[in-house]
Each structure stands twice: as structure tokens, then as C-alpha cells.
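Below is one structure, written out as C-alpha cells; comments come after it.
Residue numbers (the working numbering): 1 to 393.
Spelled out as C-alpha cells, the structure:
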């Protein structure tokens with residue numbers, strides 16, 4: 001959840017609220033240039049999108065009225081491709097002050113000026129800083145060799161610094177580069193990030209403050225972490241819930257096969273099968289005897305070079321990771337809510353809607369946050385406790 005004061009949360013729950021948008025403009029070196037602040041009314045300004053399944057997690061599109069031409073784009077203007085913006089959403093508190101919370105640091109990517117009978121306005125789109133690490137903007141500038149034994153967190157920083165990044169928020173990781181990794185100038189920085197974060201059992205993304213975030217994946221964390229928000233349709237004081245759609249995810253697998261190695265040669269193999277013959281799966285609704293054998297072949301059944309070597313640990317970790325995901329996240333929930341600007345992708349929320357058997361903890365996967373008084377969509381996956389412990393084998 002995005003940090004905010006208790007006063008902000010208290011005001012968010014009031015029946016009548018005043019919302020605000022603030023956009024701060026910076027140059028490519030993050031030197032402050034100017035800002036734009038506006039109260040959010042019935043006019044459609046745009047929306048912020050957050051999706052944890054994408055490399056670029058946060059994006060926005062805003063439409064700004066050009067009363068005096070201040071938002072016309074151009075190489076000598078405030079709006080241009082070399083600019084960065086910080087976006088905040090704000091709320092007027094009971095003491096009449098406005099508190100703003102960050103919604104991301106963005107690179108301007110699409111600019112459009114329009115003039116018609118409705119007036120002159122500019123539409124700007126932005127994507128978080130991972131945009132600079134992907135595709136043609138994210139090509140490595142130098143040949144880079146990562147030596148065996150180098151801490152993977154440090155290895156990622158080496159690549160990021162080579163591509164201009166200086167802001168980091170990394171969990172402590174102990175994993176090291178298992179063999180010499182060589183990247184050529186022109187290779188995708190983000191592709192290298194994916195490889196390294198997998199080896200470190202981590203998630204890598206940009207947070208709302210513009211820091212490159214390396215977050216350790218703990219498969220036990222969902223059981224122990226408290227929910228950050230509760231939605232309860234039975235509560236007469238519930239002010240956010242506006243409906244939901246519950247559906248079964250067709251990604252279930254009860255037989256996981258992971259191969260490690262190089263080229264076409266598999267040097268390591270791990271299979272995990274949910275079967276009644278194994279006592280740990282007693283009474284599970286997902287066994288091969290109950291619903292049939294549903295096999296997931298990691299890497300399309302080809303040996304994964306990142307999981308090779310003499311140690312069987314990487315293939316076992318990957319198999320457990322896939323099994324937990326494909327047994328636990330079997331229910332998708334699309335929630336309609338009044339805007340809750342403090343929610344983040346990968347937050348855990350608690351939802352209770354007896355009308356269609358929605359109850360329990362859900363992991364937020366994506367959000368579409370409108371910047372006007374209308375419904376926010378929130379797509380979630382349900383956490384169903386199947387595996388009791390990360391070290392279950």
C-alpha cells in the first residue's frame with residue numbers, strides 16, 4: 001500500500017471528498033521545472049493504470065486543457081520527450097489542507113495536441129522508468145561481463161548504472177551469479193534483469209518514487225502478511241464496493257516439470273505431482289485423481305539454461321514456485337470500487353461478498369484508477385492455501 005497519513009485514510013472514508021491531481025515536471029536529470037495542480041471534478045482528465053504482469057507496471061494518460069497554450073508540446077516546451085513527470089493524487093483533509101501521495105515517476109512517451117469546437121487541449125501519456133530499460137531505449141550501451149560469485153543485487157546495479165539508473169531500493173539477497181554471464185552492447189537490459197531476478201528469486205520493478213525495486217519473493221508471505229484493506233458488502237458503512245465478477249482461472253496445473261541445462265541437454269530435472277498417493281495432498285481438490293493430470297512444462301519443455309549446473313536447487317525452487325502459483329491462484333476477482341488511491345499492485349486485500357461466495361484474501365494484480373468521480377476496476381487473484389510451507393519438500 002502507498003504510505004499515507006491516518007488523516008488521509010480517515011478522509012478517504014468520508015462520504016463527501018475533494019480529490020486533487022498534481023503533476024510535477026522535471027528535465028531528464030530530474031531537475032524540477034514546474035508543476036500543475038487541479039481539483040478532480042466531473043471532467044475526464046484521464047487515468048492511471050497499474051499492472052504487475054507487465055515490465056512497465058505503471059502508466060497514465062491525461063488530457064490537459066490549453067487555456068494559454070502552456071501544455072503544447074515542442075522541443076523547447078514544458079511538454080517534450082526529454083521530460084519526466086511525478087504524478088500525485090491528493091485529498092483535502094478535515095483540517096482543509098491537501099495531502100498528496102505519489103503515483104509514480106514517468107517518462108513522457110506519447111504527445112498529442114488537438115484543437116476543435118471543444119477547445120484546445122493536449123493529451124500526454126507516460127510510462128514508468130522501466131520504459132527506459134526495454135526495447136530500443138533499453139539496449140545495453142557496453143559489453144558487460146558478470147563474474148561468477150558476484151552478488152546478484154550488485155550485478156543488477158551494474159547493468160542499471162550502465163543504462164543511467166542511480167536510484168535503488170533493493171532487498172538483501174545472498175544469491176550470486178552461478179556462472180559467467182556475458183551481455184553484448186545492444187542486448188536488452190530488461191531481458192538481463194529478468195534472468196538475474198529469477199536467479200535471485202526476486203521481483204524487479206519501479207516503485208511509485210521512481211526507485212528500481214528488487215523485492216524478494218517469499219512463497220510463505222501471503223499466509224503471514226495482513227491485508228491492507230477490507231471490502232465488505234455486508235457492512236452498512238461500506239463506501240467503496242460497487243460490484244464484482246468472480247471467475248475460475250484456467251491456469252491450474254497439478255503436474256509440474258522443470259528442466260535445467262544448456263542447449264538441448266537437460267542436466268537437471270524436477271517433477272512435482274499432486275497425487276493422493278502422497279500424504280501431503282490428502283483431501284486436496286487438485287489431485288490428478290480428482291481432476292485429471294494437468295501438466296505444466298516450464299520453458300515449453302526445453303532445458304532452461306538459468307537452471308543448469310550441478311546444484312538441483314534452482315530447478316526445485318522453480319518447480320515449487322510454479323506449483324504454488326498454479327494451485328493457489330485459481331480464482332480471479334474483478335472488483336468495482338470507488339477510487340482508493342493508496343492501493344498498489346501485489347497488495348493483499350480482504351473481500352467479503354456473500355452474494356456470490358467471495359470471501360478471503362486476494363492479491364491485487366492490476367488497477368485502473370480514473371481521475372474523475374467514477375468507478376475504479378481492480379483485478380485480483382485469490383490466495384488459496386494449498387502448500388503450507390515454502391520448504392514443504
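All residues carry an ideal CB built from backbone N, CA and C; glycine is no exception.
Query, Result
"Classification of residue 397 by the beta-carbon crowding that lies within 10 angstroms, buried from 16 upward", "There is no way to answer for residue 397, as the model of the chain reaches only from 1 to 393."
"Selection from 375, 382, 380 that minimises the alpha carbon distance to residue 44", "375"
"DSSP state of residue 326 mapped onto helix, strand, coil", "helix"
"Proximity of residue 106 and residue 84 at Cβ, strictly below 9 Å", "yes"
"Beta-carbon gap between residue 123 and residue 110 smaller than 9 Å", "yes"
"C-alpha distance - residue 373 paired with residue 340, whole-angstrom precision", "11 Å"
"Of the listed residues 71, 346, 277, nearest to residue 363 (C-alpha basis)", "346"
"Residue interval of the alpha helix (DSSP H) (run including residue 288)", "288 to 291"
"Neighbourhood of residue 151 by C-beta, 6 Å cutoff - its chain only, sequence neighbours within 5 removed", "176"
"Expected contact under 8 Å - CB spacing of residue 197 and residue 214 to nearest Å", "7 Å"
"DSSP three-state assignment for residue 194, whether helix, strand or coil", "helix"
"Buried versus exposed call for residue 100 [16 or more other C-beta atoms within 10 Å across all chains shown]", "buried"
"Element boundaries [beta strand (DSSP E), containing residue 73]", "Premise fails: residue 73 is in no beta strand (DSSP E) and is neither H nor E."
"Which of helix, strand or coil DSSP assigns to residue 188", "strand"
"Beta-carbon proximity of residue 50 to residue 367, cut-off 9 Å", "yes"
"Length at least 3, wholly inside the region 117 to 172: the beta strand (DSSP E) runs in chain order", "119 to 128, 144 to 146, 168 to 170"
"Near the ligand HEM: residue 165 beta-carbon under 8 Å from a heavy atom", "The ligand HEM is absent from the structure shown, which contains no ligands of any kind."
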